[in-house]
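Reading through the structure tokens given below for one structure.
In our numbering, the protein residues as written are 149 to 359.
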């Protein structure tokens, strides 16, 4: 498998970044939701947020790498037979996911650095608090962070359902391409493209006989 994308397939770099980031995004959401349930005296009350912030910074790095790789590569063409509105909806969903991730990480950064402390990333490096002291910075950023996180999960769920719909209902190669598999020949085009079963076998009417 090539590293770069082609007209018909994703390269291994794009595929690896996709499947690396997907579980991390969902895991960070689950971790954030779980942290809200912790009591002040729970040992994870302080450890949880530190873990959440560190993983969030690493996810931001992966996202920036993915966006850079996306701009440096061509995007595979739509699977033949995909309706134009579905192709447009997919592009809007992808763009929405990227924008939401950037906004969520920005708000998370504002929450984490509101007190002027840098974000430590597993002792490897730290991200300085370059923005601090804004009015109600932590509270406002926290509300935005939560709303955007739930919105992102909704969009991710729709994205996953659409992929399953392509695989099991349309029986096309959309999901297989992101798994690095070309798919069987019958999956190379959508069943929307297939002729009606009846029209395949219906004999052509002899118009001269009706005259």
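Ideal Cβ placement from N, Cα and C applies to all residues, glycine included. Since this is a predicted model, take the numbers as computed values, not measurements.
Using the DSSP secondary-structure output, state which residues sit across from residue 269 in a beta bridge. 273
Less than 8 Å between C-beta atoms, sequence neighbours within five positions excluded: which residues of the same chain meet that for residue 315? Excluding residues up to 5 positions away in sequence, 322, 323, 324 lie with their Cβ nearer than 8 Å to the Cβ of residue 315 in the same chain.
Considering residue 201, what are the terminal residues of the alpha helix (DSSP H) in which it resides? 192-220
Between the Cα of residue 241 and the Cα atoms of 150, 301, 155, which residue gives the shortest distance? 301
Between which two residues does the alpha helix (DSSP H) containing residue 288 stretch? 285-316
How would you write the range of the alpha helix (DSSP H) that residue 227 sits in, first residue to last? Premise fails: residue 227 is in no alpha helix (DSSP H) and is neither H nor E.
Is it the case that the region 216-228 contacts the region 156-167, given that we only count it when at least three CB pairs across the two stretches are under 8 Å? yes
Any chance the region 269-284 sits against the region 198-206, with 3 or more Cβ pairs inside 8 Å? yes
Whole angstroms is fine: what's the gap from residue 306's alpha carbon to residue 263's? 36 Å
How do the region 251-262 and the region 277-295 stand: do at least 3 beta-carbon pairs fall below 8 Å, yes or no? yes
On the CB-based measure, 16 or more other CB atoms within 10 Å of its CB, does residue 297 come out buried or exposed? buried
Alpha carbon to alpha carbon, how far is residue 198 from residue 327? Across the structure, residue 198 and residue 327 are spaced so that their CA atoms are roughly 33 Å apart.
Taking 8 Å as the threshold (C-beta atoms), are residue 329 and residue 221 in contact? Contact: no.
Do residue 213 and residue 165 have their CB atoms nearer than 8 Å? yes
Classification of residue 185 by the beta-carbon crowding that lies within 10 angstroms, buried from 16 upward: exposed
Determine the DSSP secondary structure at residue 247, reduced to helix, strand or coil. Three-state DSSP puts residue 247 in a helix.
Going by C-alpha to C-alpha distance, which of 265, 303, 259, 274 sits closest to residue 283? 259
Residue 351 (DSSP reduced to helix, strand or coil): Because residue 351 carries a pLDDT of 47, less than 50, the predicted location of this residue cannot be relied on, and the following value inherits that uncertainty. Correct three-state label for residue 351: coil.
In or out: residue 190 buried (at least 16 other Cβ within 10 Å) or exposed? By the neighbour-count rule (16 or more Cβ atoms within 10 Å), residue 190 is not buried but exposed.
Does DSSP put residue 180 in a helix, in a strand, or in coil? helix
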